[in-house]
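J.: Using the working numbering, you'd call the opening residue of the sequence shown number 86 and step up by one each time. Yeah, the Cβ is synthetic: ideal placement off N, Cα and C, and Gly gets one too. Dropping a structure here in structure tokens format, bear with me for questions.
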Amino acid sequence: MAPPVRRRRDGETAPKPPEIASVLAGRALVRGRLQPVEIAIDPDGRIQSVGRTRPGGPRRDVGEAVILPAATDLHVHLREPGGPTDAETIPTGTVGAALGGIALVAEMPNTEPPVTDADRLAEKAARVRGRAAVDVLLYASPTDPRALDRLARTAGGFKLFLAPTTGIERPPLPEEVAPLLRRLAEHDLPVAVHAEDPRQFPPDARARDPVGWNSARPPAAESAALALLSGAPDRLRLHVAHVTTAASVDRLRREGRSFEVTPMHLLLSDRSGNDAQYKVNPPLRPEAERHALWDAFRRGEVPCVASDHAPHSAAAKELPFDRAPSGMPGVETMLPLLLARVRAGELSLDVLVRAACDRPARWLGQPMGRLAPGHRANLMVVDFRAREPLSARRLHAPCGWTAYEGWEAIRPREVWKDGEPIVQDGQYVGRPSGTVVRPEYAPGRAAG
Ligand code: NCD
Ligand code: ZN
Ligand code: ZN
Numbered sequence: 086m087a088p089p090v091r092r093r094r095d096g097e098t099a100p101k102p103p104e105i106a107s108v109l110a111g112r113a114l115v116r117g118r119l120q121p122v123e124i125a126i127d128p129d130g131r132i133q134s135v136g137r138t139r140p141g142g143p144r145r146d147v148g149e150a151v152i153l154p155a156a157t158d159l160h161v162h163l164r165e166p167g168g169p170t171d172a173e174t175i176p177t178g179t180v181g182a183a184l185g186g187i188a189l190v191a192e193m194p195n196t197e198p199p200v201t202d203a204d205r206l207a208e209k210a211a212r213v214r215g216r217a218a219v220d221v222l223l224y225a226s227p228t229d230p231r232a233l234d235r236l237a238r239t240a241g242g243f244k245l246f247l248a249p250t251t252g253i254e255r256p257p258l259p260e261e262v263a264p265l266l267r268r269l270a271e272h273d274l275p276v277a278v279h280a281e282d283p284r285q286f287p288p289d290a291r292a293r294d295p296v297g298w299n300s301a302r303p304p305a306a307e308s309a310a311l312a313l314l315s316g317a318p319d320r321l322r323l324h325v326a327h328v329t330t331a332a333s334v335d336r337l338r339r340e341g342r343s344f345e346v347t348p349m350h351l352l353l354s355d356r357s358g359n360d361a362q363y364k365v366n367p368p369l370r371p372e373a374e375r376h377a378l379w380d381a382f383r384r385g386e387v388p389c390v391a392s393d394h395a396p397h398s399a400a401a402k403e404l405p406f407d408r409a410p411s412g413m414p415g416v417e418t419m420l421p422l423l424l425a426r427v428r429a430g431e432l433s434l435d436v437l438v439r440a441a442c443d444r445p446a447r448w449l450g451q452p453m454g455r456l457a458p459g460h461r462a463n464l465m466v467v468d469f470r471a472r473e474p475l476s477a478r479r480l481h482a483p484c485g486w487t488a489y490e491g492w493e494a495i496r497p498r499e500v501w502k503d504g505e506p507i508v509q510d511g512q513y514v515g516r517p518s519g520t521v522v523r524p525e526y527a528p529g530r531a532a533g
């Protein structure tokens with residue numbers, strides 16, 4: 086229907102249409118189907134409308150390429166402070182994120198020293214300013230309950246490690262967990278948990294390869310940790326990190342919890358490789374378990390996917406298996422690997438966008454992750470014809486290795502942050518405009 090014509094009296098001015106800074110035109114998912122759209126972006130970098138727009142103003146037409154919301158990575162380790170810098174830094178890790186289609190990363194507190202109080206948090210925030218290519222939300226990990234209230238005023242979220250892992254030697258005792266969760270629930274911040282119960286680790290286990298590592302930190306440790314968490318107060322914004330089994334997925338779905346799986350547990354098994362590059366916490370699981378997790382993910386039963394980007398230097402990973410650190414890089418390769426699975430017809434684009442873009446942003450209370458008016462114009466442009474094999478030489482990460490050497494990938498052609506391109510033709514063209522963000526609103530209990 087045409088808009089009603091309004092006659093103007095002399096001297097009366099027509100109301101000004103809202104200003105548009107630019108228009109991005111291409112194909113996008115609308116109600117689950119790819120359709121041509123025009124996205125109007127307003128001068129403060131927010132999406133103004135999705136659909137047809139008026140002509141005029143700068144316009145970029147990406148043709149047959151697909152416009153998606155940029156992703157939020159709920160789980161990265163950028164290794165500052167404490168390094169080592171040949172593993173990662175805030176500048177290198179956030180450029181890697183940008184190249185991988187991610188406009189917001191949530192940075193973990195297991196640094197050296199760890200982020201346990203408000204002063205250390207302020208110190209980390211100062212390291213982000215002027216050095217980060219994308220926005221950063223900072224987790225804190227209080228060890229002294231007295232530090233908690235002050236920390237809650239500046240932290241973006243809390244992280245709780247229930248088992249030893251990089252930088253964490255003494256996790257809380259099992260009997261300390263319930264009181265800690267009650268204290269954390271007094272604040273309205275997201276709380277991510279590394280859920281393994283070390284009482285289930287066989288004491289004499291000596292792992293020499295990923296198969297042995299899976300026995301040393303078995304799936305039973307994950308289910309025991311989930312049992313510990315099932316008594317968490319309802320109002321706690323709990324999110325379980327790096328879930329590895331289909332049984333855990335079923336349980337957390339029944340309980341209505343937010344949780345994530347990682348590309349490593351979706352794509353790699355304990356027989357993908359023998360060396361310490363494949364040593365991660367929780368361990369890679371046997372192929373049948375990996376397959377079941379992938380099926381649950383593909384069916385849309387997993388709310389979030391996150392990289393658990395945990396780089397270590399190549400030299401550290403060349404140590405004998407039992408002495409090498411756990412963790413592998415992934416922030417730059419997560420979406421490229423999964424977009425290639427979409428192209429191969431093994432994963433629906435809609436499922437991927439919800440898990441990588443929409444729900445993680447909601448979980449962290451951020452107005453991004455959907456092509457919706459009012460959301461930040463954090464976007465990516467993907468050309469599904471542009472398949473290429475991954476190669477560590479072409480990745481930005483200083484650690485210089487990837488467990489996915491030669492795997493098929495589709496890297497975003499463009500990435501936009503707040504209405505400005507920061508990646509063009511697959512190259513980083515941005516400036517360090519990333520800021521420290523905190524949740525702007527509290528989502529429902531289960532993230533979407
Ligand atoms: C992580 C790291 O290296 O910081 N390692 C890992 O194997 N995932 C720590 C963690 O997430 O547990
Ligand atoms: Zn962890
Ligand atoms: Zn981690």
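Please confirm if the stretch 367 to 377 is in contact with the stretch 425 to 434, defined as three or more CB-CB distances below 8 Å between the two stretches.
T.: no
J.: Nearest-angstrom Cα distance between V521 and W492?
T.: 33 Å
J.: Rounded to the nearest angstrom, how far is the Cβ of L464 from that of P103, given a contact under 8 Å?
T.: Contact doesn't hold; Cβ gap of about 19 Å is too wide.
J.: In terms of residues, what are the limits of the beta strand (DSSP E) holding P154?
T.: Where P154 is concerned, the enclosing beta strand (DSSP E) stretches over 144 to 154.
J.: My output table needs one value for S354: the three-state DSSP class, helix, strand or coil.
T.: coil
J.: At a cut of 8 Å, does the stretch 176 to 189 reach the stretch 481 to 501 through at least three beta carbon pairs?
T.: yes
J.: Would you list the one or two residues that DSSP bridges to T157?
T.: Its beta-bridge partners are L189.
J.: Suppose the cutoff is 8 Å on Cβ atoms and the five residues either side in sequence are ignored; what does the same chain contact list for D229 look like?
T.: Excluding the 5 residues flanking it on each side, D229 has same chain C-beta neighbours closer than 8 Å at T201, D202, in chain order.
J.: Taking 7 Å as the cut-off, is the CB of G252 close to at least one heavy atom of ligand 1?
T.: yes
J.: Around the C-beta of E281, are 16 or more other C-beta atoms found within 10 angstroms, so that it is buried, or is it exposed?
T.: Residue burial annotation: E281 is buried, with at least 16 other C-beta atoms found within 10 angstroms of its C-beta.
J.: Using the rule of at least 16 other Cβ atoms within 10 Å of the residue's Cβ for burial, across every protein chain shown, is G117 buried or exposed?
T.: Classification of G117: exposed, given that the 10 Å Cβ count is below 16.
J.: Given that a residue counts as buried once 16 or more other Cβ atoms are within 10 Å of its Cβ, and exposed if not, what is Y526?
T.: exposed
J.: So that I know if they touch, is there some Cβ in chain C lying closer than 8 Å to that of V115?
T.: Reference to chain C is not applicable here, since this structure consists of a single protein chain.
J.: From which residue to which residue does the beta strand (DSSP E) around D335 run?
T.: Membership of D335 in any beta strand (DSSP E) is not indicated; the residue belongs instead to the alpha helix (DSSP H) covering 331 to 340.
J.: Return yes when the C-beta of A312 is under 7 Å from any heavy atom of ligand 3, and no when it is not.
T.: no
J.: Taking only heavy atoms of ligand 3 into account, decide whether any of them is closer than 7 Å to the Cβ of D158.
T.: no
J.: When you compare only the Cα positions, how much space is there between D129 and L449?
T.: 21 Å
J.: Give a single yes or no on whether L393 has its beta carbon closer than 7 Å to a heavy atom of ligand 3.
T.: Before going on, a small fix: residue 393 reads as Asp here, not Leu. Result yes, Cβ under 7 Å from ligand 3.
J.: When you measure from the CB of A463 to every non-hydrogen atom of ligand 1, does any distance come out below 7 Å?
T.: One detail in the question is off: residue 463 reads as Asn in this sequence, not Ala. It does not: the Cβ of N463 is nowhere closer than 7 Å to a heavy atom of ligand 1.
J.: Check whether the Cβ of M193 lies closer than 7 Å to any heavy atom of ligand 3, and answer yes or no.
T.: Yes - ligand 3 has a heavy atom lying nearer than 7 Å to the Cβ of M193.
J.: Would you decide whether N359 is buried or exposed? Buried here means 16 or more other CB atoms lie within 10 Å of its CB.
T.: exposed
J.: Out of G141, M349, A310, which one is the CA nearest neighbour of L337?
T.: A310
J.: Considering S300, what are the terminal residues of the beta strand (DSSP E) in which it resides?
T.: Counting along the chain, S300 falls outside any beta strand (DSSP E), though it belongs to the alpha helix (DSSP H) covering 295 to 301.
J.: Just to check, is the beta-carbon of H327 closer than 7 Å to a non-hydrogen atom of ligand 2?
T.: yes
J.: Buried or exposed for V514, going by 16 or more other Cβ atoms inside 10 Å?
T.: exposed
J.: Let's see if you can read the secondary structure: which residues bound the alpha helix (DSSP H) around W448?
T.: 444 to 448
J.: Could you tell me which of A248, A207, D289, R384 sits nearest to A326, measuring between CA atoms?
T.: Of A248, A207, D289, R384, the residue nearest in Cα terms is A248.
J.: Which residue comes first and which comes last in the alpha helix (DSSP H) that contains I65?
T.: Because the chain spans 86 through 533 in this model, residue 65 falls outside it and cannot be assessed.
J.: Less than 7 Å between the CB of N299 and some heavy atom of ligand 2, yes or no?
T.: No, ligand 2 has no heavy atom inside 7 Å of this Cβ.
J.: Is F243 helix, strand or coil by DSSP?
T.: strand
J.: Terminal residues of the continuous alpha helix (DSSP H) containing L223?
T.: L223 -> not in any alpha helix (DSSP H); beta strand (DSSP E) instead, spanning 220 to 225.
J.: Give the DSSP bridge partners of M465, in chain order.
T.: L153, V500
J.: So the beta strand (DSSP E) L119 belongs to, where does it begin and stop?
T.: 118 to 126
J.: For ligand 2, is there a heavy atom less than 7 Å away from the beta-carbon of H397?
T.: no
J.: Are the beta-carbon atoms belonging to G178 and V416 less than 8 Å from one another?
T.: yes
J.: Are the Cβ atoms of G136 and A482 separated by less than 8 Å?
T.: no
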